[in-house]
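Residue numbers (the numbering used here): 1 to 88. Glycine residues also receive a C-beta, built at the ideal position from the N, C-alpha and C atoms. Small disclaimer: the values here were computed from a predicted structure and weren't measured. Single-structure report; data block below.
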């Protein structure tokens, strides 16, 4: 398999996960005024073979808007600052 084919496969897998995560986000926002990426990844974990930076693309669509900031509850984030998101 060529490098181009492997990269294409990973990109397709990443896009597939992003769409699934966005669906989870929309579902969660039906019941809550806002959510964070921690809420989404609790229901739709990032597959281990995708880079952790892939989660940054979940809310990068016209459907979501930033409504505030909070602290992550994930131990791996050490209470880092994360955005709160709502539907536009």
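If you check the beta carbons only, do residue i and residue j fall under 8 Å apart?
i          : j          : result
residue 50 : residue 13 : yes
residue 55 : residue 41 : yes
residue 88 : residue 70 : no
residue 43 : residue 24 : yes
residue 82 : residue 35 : no
residue 21 : residue 58 : yes
From the DSSP secondary-structure annotation, give me the bridge partner or partners of residue i.
i          : result
residue 66 : 85
residue 37 : Answer by DSSP bridge pairing: none, since residue 37 is not bridged.
According to DSSP, is residue i part of a helix, a strand, or is it coil?
i          : result
residue 71 : strand
residue 13 : helix
residue 48 : coil
residue 58 : coil
residue 27 : helix
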